[in-house]
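J.:
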Amino acid sequence: MNERLGKIVLRIEGVSKVYGEGPTRLEALRPTTFNAVAGEVVAILGPSGSGKSTLLTIAGLINPPTAGSLEVNGKLAIKDGRQVTNLATLRRQELGYVFQRSNLIPFLNGEENVRLALEIDGVSTRESRQRARVLLESLGMGSRMQAMPAKLSGGEQQRIAIARAMIHQPSVVLADEPTAALDSSRGRQVMELFRDSAHKHGAAVLVVTHDHRTLDLVDRVLEMEDGNLNETQPIADHK
Amino acid sequence: MMDLAIRDIRQGLGRFTLTATGLGMLMSVVLAMTGIYNGMVVDATVLPDVYDGDLWVVQKDTQGPFAESSRVPALLVDRIRAVPGVQRTRAYMTLNVQQQLPDGETLRFTLAGLSWPDDLGNKLPLEQGRALRQPHYEMVVDHALGLPLGATLKLGRDEYTVVGITSGMVSSGGDPLVFASVSDVLRIQNDLANEALRLEREARVSRVRRSPYGRDPTNLARAGTPGSLPATAPPPVTAVLVDLAPGYDKETVRASLNQWSDISVYTIDEERELLVRGVIDRARRQIGLFRALLVVISAIVMGLIVYTMTVDKMLSLSLLKLLGAKRRVILRLILEESLLLGLFAYLVALLIGELGFDLFPRRVLVQNMDRVALLGVIVGISVASGLVGLRKALSANPNEVLAS
Numbered sequence: 001m002n003e004r005l006g007k008i009v010l011r012i013e014g015v016s017k018v019y020g021e022g023p024t025r026l027e028a029l030r031p032t033t034f035n036a037v038a039g040e041v042v043a044i045l046g047p048s049g050s051g052k053s054t055l056l057t058i059a060g061l062i063n064p065p066t067a068g069s070l071e072v073n074g075k076l077a078i079k080d081g082r083q084v085t086n087l088a089t090l091r092r093q094e095l096g097y098v099f100q101r102s103n104l105i106p107f108l109n110g111e112e113n114v115r116l117a118l119e120i121d122g123v124s125t126r127e128s129r130q131r132a133r134v135l136l137e138s139l140g141m142g143s144r145m146q147a148m149p150a151k152l153s154g155g156e157q158q159r160i161a162i163a164r165a166m167i168h169q170p171s172v173v174l175a176d177e178p179t180a181a182l183d184s185s186r187g188r189q190v191m192e193l194f195r196d197s198a199h200k201h202g203a204a205v206l207v208v209t210h211d212h213r214t215l216d217l218v219d220r221v222l223e224m225e226d227g228n229l230n231e232t233q234p235i236a237d238h239k
Numbered sequence: 240m241m242d243l244a245i246r247d248i249r250q251g252l253g254r255f256t257l258t259a260t261g262l263g264m265l266m267s268v269v270l271a272m273t274g275i276y277n278g279m280v281v282d283a284t285v286l287p288d289v290y291d292g293d294l295w296v297v298q299k300d301t302q303g304p305f306a307e308s309s310r311v312p313a314l315l316v317d318r319i320r321a322v323p324g325v326q327r328t329r330a331y332m333t334l335n336v337q338q339q340l341p342d343g344e345t346l347r348f349t350l351a352g353l354s355w356p357d358d359l360g361n362k363l364p365l366e367q368g369r370a371l372r373q374p375h376y377e378m379v380v381d382h383a384l385g386l387p388l389g390a391t392l393k394l395g396r397d398e399y400t401v402v403g404i405t406s407g408m409v410s411s412g413g414d415p416l417v418f419a420s421v422s423d424v425l426r427i428q429n430d431l432a433n434e435a436l437r438l439e440r441e442a443r444v445s446r447v448r449r450s451p452y453g454r455d456p457t458n459l460a461r462a463g464t465p466g467s468l469p470a471t472a473p474p475p476v477t478a479v480l481v482d483l484a485p486g487y488d489k490e491t492v493r494a495s496l497n498q499w500s501d502i503s504v505y506t507i508d509e510e511r512e513l514l515v516r517g518v519i520d521r522a523r524r525q526i527g528l529f530r531a532l533l534v535v536i537s538a539i540v541m542g543l544i545v546y547t548m549t550v551d552k553m554l555s556l557s558l559l560k561l562l563g564a565k566r567r568v569i570l571r572l573i574l575e576e577s578l579l580l581g582l583f584a585y586l587v588a589l590l591i592g593e594l595g596f597d598l599f600p601r602r603v604l605v606q607n608m609d610r611v612a613l614l615g616v617i618v619g620i621s622v623a624s625g626l627v628g629l630r631k632a633l634s635a636n637p638n639e640v641l642a643s
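Protein chains in written order, with our numbering: chain A, 1 to 239; chain B, 240 to 643.
(1) What are the start and end residues of the beta strand (DSSP E) that includes Lys52 of chain A?
(2) Would you check if there are 3 or more beta carbon pairs closer than 8 angstroms linking the segment 85-99 of chain A to the segment 37-55 of chain A?
(3) What separation, rounded to the nearest whole angstrom, lies between the Cα atoms of Leu204 of chain B and Gln326 of chain B?
(4) So does the segment 76-95 of chain A actually touch the segment 52-64 of chain A, counting three or more Cβ pairs closer than 8 angstroms?
(5) Which residue comes first and which comes last in the alpha helix (DSSP H) that contains Glu434 of chain B?
(6) Can you name the residues of chain B whose CB is closer than 8 angstroms to the CB of Phe107 of chain A?
(7) Do you know whose CA, among B:Leu388, B:Leu359, B:Arg347, B:Thr349, lies nearest Glu366 of chain B's CA?
(8) Quick one: what's got a C-beta closer than 8 angstroms to Ala313 of chain B's C-beta in the same chain, skipping five residues either side?
(9) Where Leu270 of chain B and Asp597 of chain B are concerned, what is the direct C-alpha to C-alpha distance, given to the nearest angstrom?
(10) Between the Cα of Gly363 of chain B and the Cα atoms of B:Ile519, B:Thr457, B:Ala635, B:Ile404, which residue gives the shortest distance?
(11) Where do the ends of the alpha helix (DSSP H) carrying Phe583 of chain B lie?
(12) Skipping 5 residues on each side, what residues in its chain have a beta carbon closer than 7 angstroms to that of Pro287 of chain B?
(13) Taking the DSSP output, what are the residues bridged to Leu480 of chain B?
(14) Enumerate in chain order the residues of its own chain whose CB-to-CB distance from Asp237 of chain A is below 6 angstroms, with the five nearest sequence positions on each side excluded.
(15) Take every Cβ of the segment 250-267 of chain B, pair it with every Cβ of the segment 567-585 of chain B, and state whether three or more of those distances are shorter than 8 angstroms.
(16) Quick one: complete alpha helix (DSSP H) runs, 4+ long, within the segment 107-181 of chain A?
(17) Taking the alpha helix (DSSP H) that Leu388 of chain B falls in, what are its first and last residues?
(18) Is DSSP giving Pro312 of chain B helix, strand or coil here?
(19) Go through its chain and collect everything with a Cβ distance to Pro374 of chain B's Cβ below 6 angstroms, but skip five positions before and after it.
(20) Taking C-beta pairs closer than 8 angstroms, name the residues in chain B that Asn103 of chain A reaches, listed in chain order.
(21) How many angstroms separate the CA atom of Leu182 of chain A from the CA atom of Gly155 of chain A?
(22) Indicate whether at least one CB of chain B lies closer than 8 angstroms to the CB of Asn230 of chain A.
(23) Would you list the residues sitting across from Asn35 of chain A in a DSSP beta bridge?
(24) Evaluate the contact criterion for the segment 612-620 of chain B versus the segment 567-581 of chain B: three or more CB pairs, one atom per stretch, below 8 angstroms.
(25) From Leu559 of chain B to Asn103 of chain A, what distance separates their C-alpha atoms?
(26) If contacts are defined as beta-carbon pairs under 8 angstroms, then Gly171 of chain A and Val41 of chain A qualify, I think. What distance do you get, rounded to the angstrom?
(27) Got a sec, what are the start and stop residues for the alpha helix (DSSP H) Thr549 of chain B sits in?
(28) Say whether chain B places a C-beta atom closer than 8 angstroms to the C-beta of Leu215 of chain A.
(29) Starting from Ala623 of chain B, find everything on chain A with Cβ-Cβ shorter than 9 angstroms and list it in chain order.
(30) Quick one: Cα of Ala36 of chain A to Cα of Ala180 of chain A, how far?
(31) For a quick check, are the C-beta atoms of Gly542 of chain B and Ser624 of chain B less than 8 angstroms apart?
(32) Can you give me the C-alpha to C-alpha distance between Leu76 of chain A and Glu13 of chain A, rounded to a whole angstrom?
(33) On a Cα-Cα basis, can you pick out the residue from B:Ser634, B:Arg530, B:Ile573 that is closest to Met272 of chain B?
(34) Under 8 angstroms between C-beta atoms, does Ala564 of chain B make it to chain A?
(35) Cα separation between Gln250 of chain B and Pro31 of chain A?
(36) When you compare the segment 376-393 of chain B with the segment 437-450 of chain B, are there three or more beta-carbon pairs, one atom per stretch, that lie closer than 8 angstroms?
Below, the structure is given as structure tokens:
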């Protein structure tokens, strides 16, 4: 059992995002507060333009908020809308990302794409290779890990991307419509992977999705509309 | 940390190879230009190097014999020999010759005179045969002329036999050098047809008739007798080379000679300087400008290539930034690729030089210093191009990954 399970690993307090000023002012995300705990899978639903991606990019430390504070695994990253630490380091150590398209680096094979997340943080080649192979084997990619991304199917690419997001045991994984390019069975497989990985590695997984068919696999659902975040399902008991 | 640049190159090996080969060909032109210039300097100084001589005596107020034409009387050879401190004097004479062979081929060469018997051509870099042994009808040719040992060539009224073959002996114009005795060269230069000789004799008689000297019938009768006076004046030579006796100061002997009003005197080093500065200076500047232009073009082309390679990788670079890659990871990727591209191009340029420069009609002399300098230029261009790419790479936005 991962010791991080059940702990709050993402704390968002009063975070908002405003674009433009005066008549062009657009409040993409109204002041939002929520926490995510290690081991849970949280789905974020909402129509286009509701602020899902804005929330995800703020939580992923890609897009700075206009106001509010943000803490990842107990480390304060943003305070009152201002960056208070090196975000690149925090992204490298505490966050994992999965996208609609796998976005694998085309000149690296499957195993190298996974190793990359470790090696950019200074892990040795030997250790990164060993860990990547174990993880990819566990994801059923043992026989395909040496293939280049162009030779992999969409589902295989997405599994590699999930392995890359999980390999360094981040506390938070952010996924932006990871099943949108997959058929229903592969989409379900991917969501099952997220759920299993979240429990196994003790990470909170935030999934922005339109895919209602897989909601039974998530622990809670947050719904966004016009920049407001509403919780529509209770937190699942994952302890 | 895995080597991202090597992996990126491996993925697009064909494109990388083609690009580097193209750049290498461009660089080989830069190398060729350097080699051509070096070759010009060496070719231009072949003659002064072969003839040597402590002092070169030429026509008054000229910078001959290489920078401009010079004519001095042949008797000057004997006059100068009488000056204290002079051990040996030699006549210097060259002549450009173009001959149409019976098979239609054109032979073009520079005929240079050796002062028989003081100079038999023993200092010539012979690769076959021997130096001159006879005062007449023998010649030593450069192998670039393509004539074998024992071959004969008709020059003027006489036939000359190839007795020796040299290597790398060309004039400043790039023509192969052919060495014969000075008297042969003068004979070839001043060879006149019978009709021309007869006309010259008639003209001489006519001149005598019009002069006060011709009013004396005895003189007139003597002038009209064939052989009583030479038909033409003794032919001049181009310059006189002076070798000093041991223990004599060059400047002292020069000062003595400079008192004569019909000559100018230069040292061998001044002759070389005149040759390089005067004869090939314009070519040197032209080649220098052309080379600089090529380097600038190469830098622009390489900068564009590296920039394009970076643009092609922007999504991967955005992803690297999103994953929290340090700047040095991106810096290494871009600079390493740029340097590898430049180094590969350098190797291609060297290979082309090794295989192709011997096929050039004129000497292309690439020295190790030129190779090192080109490497320096390529590394400089690669780093500059890498910085152009790096500037673009560092502008990669992690948001782009989400937008894709």
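Ideal placement from N, C-alpha and C gives every residue a C-beta, glycine not left out.
T.: Reading off the structure:
(1) From DSSP, Lys52 of chain A is part of no beta strand (DSSP E) but of the alpha helix (DSSP H) over 52-59.
(2) Because the criterion of three Cβ pairs below 8 angstroms is not met, the segment 85-99 of chain A and the segment 37-55 of chain A do not touch.
(3) What is shown of chain B runs 240 to 643, which leaves residue 204 of chain B out entirely.
(4) The segment 76-95 of chain A makes contact with the segment 52-64 of chain A, as at least three CB pairs between them are under 8 angstroms.
(5) From DSSP, the alpha helix (DSSP H) with Glu434 of chain B extends over 433-449.
(6) In chain order: Leu243, Arg246, Asp247, Arg249, Gln250, Gly251, Ser555.
(7) It is B:Leu388.
(8) Residues Ala330, Leu425, Pro473, Pro474, Pro475, Val476 of the same chain have their beta carbon placed closer than 8 angstroms to that of Ala313 of chain B, with the five preceding and five following residues left out of the count.
(9) Roughly 13 angstroms between the two C-alpha positions.
(10) Sequence inspection shows Leu at residue 363 of chain B; the Gly mentioned does not correspond to that position. It is B:Ile404 whose Cα lies nearest to the Cα of Leu363 of chain B.
(11) 566-595 is the span of the alpha helix (DSSP H), which, as asked, contains Phe583 of chain B.
(12) Cβ neighbours of Pro287 of chain B beyond the five flanking positions: Ile507, Glu510, Arg511, Leu514.
(13) As a beta-bridge residue in DSSP terms, Leu480 of chain B pairs with B:Trp295, B:Arg329.
(14) The pLDDT assigned to Asp237 of chain A is 41, lower than 50, so where the model puts this residue is not dependable; a value taken from the coordinates is nonetheless given after this. Within the same chain, Asp237 of chain A has no close Cβ partners at all.
(15) Yes: at least three Cβ pairs fall under 8 angstroms.
(16) Fully enclosed alpha helix (DSSP H) runs of 4 or longer: 110-119, 125-138, 154-166.
(17) It is not in any alpha helix (DSSP H) - Leu388 of chain B carries neither H nor E in the DSSP assignment.
(18) It is coil, neither helix nor strand.
(19) For Pro374 of chain B, where only same-chain residues beyond five positions count, the Cβ hits under 6 angstroms are Trp355, Ser420.
(20) Using a Cβ-Cβ cut-off of 8 angstroms, Asn103 of chain A is close to Leu554, Leu558, Val640, Ser643 of chain B, given in chain order.
(21) If you take the alpha carbons of Leu182 of chain A and Gly155 of chain A, they lie about 7 angstroms apart.
(22) It does not: the Cβ of Asn230 of chain A has no partner Cβ on chain B nearer than 8 angstroms.
(23) Asn35 of chain A is bridged by DSSP to A:Arg11.
(24) Flag = yes, the segment 612-620 of chain B and the segment 567-581 of chain B touch.
(25) The alpha-carbon atoms of Leu559 of chain B and Asn103 of chain A are separated by roughly 11 angstroms.
(26) First, the amino acid is wrong: residue 171 of chain A is Ser here, not Gly. Contact flag wrong, Cβ pair sits at about 14 angstroms.
(27) For Thr549 of chain B, the enclosing alpha helix (DSSP H) stretches over residues 520-551.
(28) By the rule that beta-carbons nearer than 8 angstroms mark a contact, Leu215 of chain A does not touch chain B.
(29) Neighbours of Ala623 of chain B in chain A, taken as residues at a C-beta separation under 9 angstroms, are lacking, since the least C-beta distance is about 24 angstroms.
(30) Ala36 of chain A and Ala180 of chain A have their alpha carbons spaced roughly 23 angstroms apart.
(31) Here Gly542 of chain B is near Ser624 of chain B, since their CB atoms are less than 8 angstroms apart.
(32) Their backbone Cα atoms lie some 11 angstroms apart in a straight line.
(33) If we check each option's Cα against that of Met272 of chain B, B:Arg530 comes out closest.
(34) Closer than 8 angstroms: yes.
(35) C-alpha separation (whole angstroms): 46 angstroms.
(36) The segment 376-393 of chain B vs the segment 437-450 of chain B: no contact.
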